[in-house]
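Protein sequence lines, in the order shown, are assigned to chains A and B. Under the UniProt record's numbering, the letters of the first sequence match residues 1 to 425, in that order. Under the UniProt record's numbering, the letters of the second sequence match residues 1 to 425, in that order. Structure first, commentary second.
Number of protein chains: 2
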Amino acid sequence: MIDAVKAARDAASPQQKECQKLDWEDQLAHFRQMFDLPKGEIYLDGNSLGAMPVSAVPAMQEAMSEGWAKGLIRSWNARDWHMLPVTVGDRLAKLMGAKKGEVLAADSTSVNLYKVFCAAMNLRSDRRKVISERNNFPTDVHILQGAIANVFPKAELALAGDDDDSVLELLDTDTAVVCLSHVNYRTGRLRDMARLTSAAHEVGALVIWDLAHSLGALPVDLTGCDADFAVGCSYKYMNGGPGAPAWLFVATRHLGEVQNPLTGWQGHAVPFAFEIDFQPAGSIEKFRVGTPPVLSYLPLMESLSIFEQTDMQALRDKSLRLTGMFIELAEQRLVQHGLSVITPKEPAERGSQVALTHENGWPIMQALIEAGVIGDFRAPDILRFGFTPLYVGFEDVWAAVATLEAIMETGFWREDRFSERKLVT
Amino acid sequence: MIDAVKAARDAASPQQKECQKLDWEDQLAHFRQMFDLPKGEIYLDGNSLGAMPVSAVPAMQEAMSEGWAKGLIRSWNARDWHMLPVTVGDRLAKLMGAKKGEVLAADSTSVNLYKVFCAAMNLRSDRRKVISERNNFPTDVHILQGAIANVFPKAELALAGDDDDSVLELLDTDTAVVCLSHVNYRTGRLRDMARLTSAAHEVGALVIWDLAHSLGALPVDLTGCDADFAVGCSYKYMNGGPGAPAWLFVATRHLGEVQNPLTGWQGHAVPFAFEIDFQPAGSIEKFRVGTPPVLSYLPLMESLSIFEQTDMQALRDKSLRLTGMFIELAEQRLVQHGLSVITPKEPAERGSQVALTHENGWPIMQALIEAGVIGDFRAPDILRFGFTPLYVGFEDVWAAVATLEAIMETGFWREDRFSERKLVT
């Protein structure tokens with residue numbers, strides 16, 4: 001059956017040559033060789049787990065054999081391991097329009113959201129309303145729910161819809177904190193950060209932006225948008241590796257006043273004085289908690305070295321061409337098979353992923369993966385495709401659509417083995 | 001000057017041959033070759049950062065090249081990466097006398113302490129007193145201070161002294177939670193877990209044990225001691241690598257009732273249903289928060305494979321002989337140079353480290369490290385020496401004392417370069 005899929009795909013190839021030409025002309029095409037990608041597969045899931053920079057393996061081996069095994073305890077100083085949360089944070093800051101000293105790379109996105117949410121709420125302790133969104137990535141809402149139940153029992157959570165206007169409608173002078181995803185993890189819809197932040201500030205509220213699906217995928221300008229707080233991960237478009245350290249951003253104007261409820265020793269003003277009374281650091285280091293997972297930072301640093309060779313606007317331009325082409329081809333060739341595009345067609349309103357829906361989304365995606373095109377599935381009916389401009393090309397877009405079309409035409413996805421449901425991330 | 005130190009050390013070697021004989025007879029000696037240790041140095045800081053298992057490098061390379069680069073997103077399922085916090089937790093559980101499903105490997109010790117402290121406090125919400133110890137590792141007290149300030153404003157923290165009796169004196173029927181280190185990070189003093197837990201339970205209090213300096217160093221029997229909660233790291237005696245995942249333990253009898261304030265998506269009953277309302281898992285997974293840092297688990301798994309080839313009682317027996325010999329030699333040869341042993345001489349009262357004090361502890365330790373014996377310094381005046389029975393031998397003990405004696409005799413430590421203070425971990 002897989003041969004039938006391939007035959008159907010290759011028969012339907014009028015646009016293939018045009019895509020090959022676009023790849024040939026692509027100024028960013030050389031970045032692909034900096035990533036170790038499996039041969040014969042098309043990877044459109046970099047919005048979930050980014051690809052591995054080739055240099056990550058030797059960098060890790062050197063850090064283990066020389067840093068850990070030979071340097072041992074001395075490497076905390078000699079290699080500045082102790083400062084990784086700050087030095088990696090400063091490198092991440094440049095990709096989000098933040099200033100030196102405003103970003104800390106540490107812990108998970110969820111833990112970081114808890115820290116900045118508690119910090120933000122304490123800056124608006126006279127207000128009760130917390131706004132998020134009902135289709136947000138669940139952990140964001142979960143963390144708010146847990147923090148409200150445990151720390152801010154008088155607060156009330158209000159959930160907006162997908163469009164920006166539904167957020168604006170909820171804003172009022174009782175609003176303490178607004179917590180939104182910049183790009184929605186399901187639909188790929190991009191929120192207007194400048195407009196929403198400004199509107200929240202007008203009523204005196206603070207905003208926390210979750211950039212998990214935008215950092216590394218498009219230009220972000222936290223300073224230009226007058227942002228208050230942000231959080232995000234580094235294992236999606238940032239290619240930091242499975243479970244790489246997450247990060248948090250706190251605007252300089254809030255840094256002096258805010259408090260981190262997770263008062264671990266690494267957030268102490270003088271951690272190596274081993275004083276028993278907690279005195280927070282004056283800098284972004286007040287948001288440190290425990291000992292940093294050193295080895296997990298290494299691949300992220302290799303990926304940052306790649307990002308530092310390009311600029312986010314060039315990546316954004318290519319990303320919009322990739323997603324635009326995928327949407328166009330999907331509308332030409334997939335709609336008649338019952339697949340719908342739910343990602344905004346307006347470029348300014350989408351991130352770097354395209355989502356399709358189909359009631360049999362699960363087995364269709366499993367069949368597609370077996371046929372060599374890796375996307376993912378999100379309940380109840382969403383097929384997600386991430387287009388990471390550093391290593392995805394135009395022919396990949398063509399091949400993905402053509403393969404999916406062939407799977408629908410041949411009915412390949414109906415084979416029994418694709419119906420068994422497994423965990424997915 | 002370094003040659004003078006070596007000459008002085010080698011001249012003073014009547015016990016050296018005896019130690020070589022003990023190493024020859026040591027049933028655990030073969031484990032040393034499973035670790036990648038620098039040649040020509042003696043490593044007595046495994047109580048701060050454990051040595052690297054030789055197999056950690058190929059294991060990491062395989063996971064990166066095959067798991068991440070080739071398997072990509074599929075490896076979360078195909079390699080059970082998603083379940084690492086549970087599967088690694090179950091392997092750690094065996095080393096602490098815990099049952100399957102009682103230990104979770106995740107986050108940092110500090111973050112884990114916050115989780116279990118909040119959980120424990122909510123089980124005793126009618127009580128106000130929290131007991132810890134004034135010479136505890138600072139982060140433990142810091143986390144309690146932050147949680148009290150933010151979540152339990154009516155609670156009051158009382159700090160005991162180093163001896164167990166001073167803890168017992170503070171216990172009363174208003175005591176909610178007692179948080180103690182099993183082995184003190186400075187003195188190496190070992191607390192009587194069974195006695196203190198029992199006494200706390202008698203007044204209705206719950207106990208959280210910090211095992212950072214005991215797990216992997218000596219047998220721990222959480223079940224036998226009827227323990228409630230515990231936390232610890234895995235980068236010291238557990239050899240998991242710099243910043244390796246920490247862990248937490250919750251006794252089965254509390255698991256149903258307790259709540260984790262850090263309600264991240266990975267702690268949801270059905271995380272991949274992506275439901276917006278948080279419903280905690282019924283198992284230890286309710287203490288999961290964010291995505292696990294996969295690569296950081298790999299060296300720990302290699303180290304666990306080594307521990308699984310021996311038993312903790314055999315390691316404890318050797319550890320006590322090593323620390324006993326170090327204390328004996330220190331009293332013979334170092335006391336006259338102003339160095340004092342502050343670790344209990346009674347074997348049942350010490351962990352696997354020996355601490356000396358000297359008012360010039362900092363430059364003395366720097367000189368000792370340059371002379372090839374790696375220990376560490378803790379303010380204000382403590383020189384720490386960790387004896388990890390998997391890879392430290394009896395001749396190492398002799399050489400460490402002889403080198404330190406030579407440094408004192410020659411005055412090597414007075415050289416200017418040793419006075420410059422740096423960060424230490």
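Here a beta-carbon is modelled for each residue, glycine too, at the ideal position from N, C-alpha and C.
Let's see if you can read the secondary structure: which residues bound the alpha helix (DSSP H) around B:Ser305? Val294 to Phe307
Against B:Asp36, what residues of chain A qualify as contacts under a CB-to-CB distance less than 9 angstroms, listed in chain order? Met64, Ser65, Trp68, Ala69 and Lys70
Ignore the nearest five residues each way along the sequence and tell me which others in B:Leu157's own chain have a CB closer than 7 angstroms to its CB. Val130, Ser132, Leu144, Gln145 and Ile148
Counting only beta-carbon atoms, is A:Leu104 nearer than 8 angstroms to chain B? no
Residue range of the unbroken alpha helix (DSSP H) whose run includes B:Ser181: First-last for B:Ser181: Thr175 to Ser181, but that is the beta strand (DSSP E), not the alpha helix (DSSP H).
So, is A:Phe418 buried or exposed, given that buried needs 16 or more other C-beta atoms within 10 angstroms? buried
Answer with buried or exposed for B:Gln366, where buried requires no fewer than 16 other C-beta atoms within 10 angstroms of its C-beta. buried
Would you tell me roughly how many angstroms separate the C-alpha atoms of B:Ala160 and B:Val178, rounded to the nearest one? 10 angstroms
Residue-chain proximity (B:Ser303, chain A), Cβ-Cβ < 8 angstroms: no
On the CB-based measure, 16 or more other CB atoms within 10 Å of its CB, does B:Thr425 come out buried or exposed? The predicted model places B:Thr425 with a pLDDT of 49, which falls under 50 and marks its position as unreliable, so this point remains unresolved.
Taking the runs of the alpha helix (DSSP H) that are 4 residues or longer, which of them lie wholly in the stretch 141-211 of chain B? 164-170 and 193-202
Checking contacts by CB at 8 angstroms: is A:Ser13 closer than that to chain B? no
Tell me whether B:Glu420 is buried or exposed, calling it buried when 16 or more other Cβ atoms sit within 10 Å of its Cβ. exposed
Roughly how many angstroms separate the alpha carbons of B:Arg378 and B:Arg384, rounded to a whole number? 7 angstroms
Which residues, taken in chain order from the stretch 248-275 of chain B, show a beta carbon closer than 7 angstroms to some beta carbon of chain A? Pro261, Leu262, Thr263, Gly264, Trp265, His268, Phe272, Ala273, Phe274 and Glu275
Since B:Leu329 is in the beta strand (DSSP E), which residue starts that stretch and which ends it? Per DSSP, B:Leu329 belongs to no beta strand (DSSP E); it is in the alpha helix (DSSP H), Met312 to Arg333.
Would you mind sorting A:Ala273 into buried or exposed? The rule is 16 or more other CB atoms within 10 Å of its CB. exposed
In or out: A:Asp140 buried (at least 16 other Cβ within 10 Å) or exposed? buried
Measuring only the C-alpha atoms, how far is A:Ala400 from A:Ile342? 17 angstroms
Can you tell me which of the three DSSP states B:His268 falls into? strand
I need the DSSP call for A:Thr425, collapsed to helix, strand or coil. Residue placement at A:Thr425 is flagged as unreliable, the pLDDT there being 49, under the threshold of 50; the coordinate-derived value follows with that caveat. Residue state, collapsed to three classes: coil.
Could you tell me the distance, in whole angstroms, from the CA atom of A:Ser55 to the CA atom of A:Ser303? 9 angstroms
Determine the DSSP secondary structure at A:Ala230, reduced to helix, strand or coil. strand
Pull the bridge partners of A:Gln353 from the DSSP assignment, please. A:Gly386
N- and C-terminal bounds of the beta strand (DSSP E) containing B:Phe249: Trp247 to Val250
Cβ closer than 7 angstroms: which chain A residues qualify as neighbours of residue 457 of chain B? The structure shown does not extend to residue 457 of chain B, since chain B is modelled only from 1 through 425, so no value can be given for it.
Are A:Arg186 and A:Ala355 close, meaning C-beta to C-beta below 8 angstroms? yes
For the alpha helix (DSSP H) that contains B:Asp23, what are its first and last residues? Gln16 to Glu25
Quick test of your reading: B:Tyr114 and A:Leu262, contact by CB under 8 angstroms. State the CB separation rounded to the nearest angstrom. 6 angstroms
When the Cα atoms are used, what is the spatial distance from B:Trp68 to B:Ala59? 12 angstroms
Residue span of the beta strand (DSSP E) that contains A:Phe377, given as start and end: Asp376 to Arg378
Compute the beta-carbon to beta-carbon distance between A:Asp389 and A:Leu315, rounded to the nearest angstrom, for a pair I have assumed lies under 8 angstroms. It should be pointed out that residue 389 of chain A corresponds to Pro in this sequence rather than to Asp. That pair is a contact at about 5 angstroms.
Using a Cβ-Cβ cut-off of 8 angstroms (strictly less than) and excluding sequence neighbours within five positions of B:Glu275, which residues of its own chain qualify? His268
Just to confirm the assignment, what range does the alpha helix (DSSP H) spanning A:Val116 have? Thr109 to Leu123
Need the endpoints of the alpha helix (DSSP H) that B:Lys129 sits in, please. Element bounds for B:Lys129: not the alpha helix (DSSP H) but the beta strand (DSSP E), Lys129 to Glu133.
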